[in-house]
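Here the sequence shown is numbered in numbering that gives the first Met the number 0, starting from 0 and rising by one per residue. Beta carbons are placed, not taken as given, at the ideal position from N, Cα and C, and that holds for glycine.
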Amino acid sequence: MRMASEDDMAMTPDETLLKLKEHVAFLLGVEASGIAADQPLHLLGIDSMGFVDLLVFIEKQFGLSLMNSGLSQDDFASLAILAGRIAGARQS
0 MRMASEDDMA MTPDETLLKL KEHVAFLLGV EASGIAADQP LHLLGIDSMG
50 FVDLLVFIEK QFGLSLMNSG LSQDDFASLA ILAGRIAGAR QS
């Protein structure tokens, strides 16, 4: 996995959502187009190891320190909510 670039830091919420969907699709072995942005993450089939992988991806892809980002468990309700919170956290 690569570290965040300046382009990653300037992503819109929609671009952030696309990156998240692509990564979750990779984890699950499915097409990103088949993942609904508003579907609860626990219903997508992500197991605990997949969730840890997603957390590491967020830190590296978006340059966020999750411990200091202000993200809460509620922010992981869906990819759409998560993308919006990541975009907001990067701007603060």
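In angstroms with no decimal places, state the Cα-to-Cα distance between Q60 and R89.
-> 11 angstroms
Alpha-carbon to alpha-carbon, L19 and L40 | 11 angstroms
Inspect the beta-carbon positions of A31 and L16 and report whether they are closer than 7 angstroms.
-> no
Mind checking S77: buried by the 16 CB within 10 Å criterion, or exposed?
-> buried
Please report the Cβ distance between G62 and L26, rounded to the nearest whole angstrom; I am assuming they are in contact, meaning their Cβ atoms lie under 8 angstroms.
-> Wrong, their Cβ atoms sit about 20 angstroms apart, outside the cutoff.
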